[in-house]
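Step one of this worksheet: look at the structure below.
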Amino acid sequence: MAERTLFHRIRDKEIPATIVYEDDEVLAFKDIHPKAPTHLLFIAKKDSDFVPSIDDLTEQTAHVPGLLIRKAQAFAKAHGITGYQLKFHVGRDGGQEVFYLHLHFLSGQALNE
Ligand code: AMP
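Just so you know, we're using the numbering used here here: the sequence shown kicks off at -4 and counts up by one.
As structure tokens, then:
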């Protein structure tokens, strides 16, 4: 089994995070070092959807980036955020620090909570 990462521990509520959205498939929480007024991280929750990085995608996990993007889009619509950036850091050389695939959601618009 792959090593449990920081984001496994956030997913499993062993480490606190400011969760802004959760359903059966996805969890979204605030980045602890925000680079924009709204900076969220979207992760897939199911063990069967776990993949460390875009670099490790297989046929079994190829749907996961789309899942995260779709949930981010729905989140933006639900919160009236009309402009945002979506980013995957890929590999250490791409700035990735946590090897649990996550989608960065950044917006200059603050989150209305
Ligand atoms: P990456 O560089 O793509 O691996 O992004 C990892 C992100 O996780 C960084 O933007 C960090 O600021 C963020 N991060 C690290 N620890 C935590 C934490 N405990 N809660 C929320 N975000 C975190």
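Note that the Cβ used here is the ideal one computed from N, Cα and C, for glycine as well.
| Check | Outcome |
| --- | --- |
| Per DSSP, cross-strand counterpart(s) of Y16 | A23 |
| Where the beta strand (DSSP E) through L101 begins and ends | L98 to S102 |
| Member of S102, R65, L35 and E92 whose CA lies at the smallest distance from the CA of L1 | E92 |
| Option nearest P47 by Cα separation, candidates V85, G90 and E54 | V85 |
| contact_flag[the stretch 16 to 26, the stretch 35 to 49] where n(CB pairs < 8 Å) is 3 or more | yes |
| Distance CB(L81)-CB(L98) smaller than 7 Å | yes |
| Closer than 6 Å: G89 CB and nearest the ligand AMP heavy atom | no |
| CA-to-CA distance, R(-1) to L96, given in whole angstroms | 12 Å |
| F37 - containing beta strand (DSSP E), residue span | T33 to A39 |
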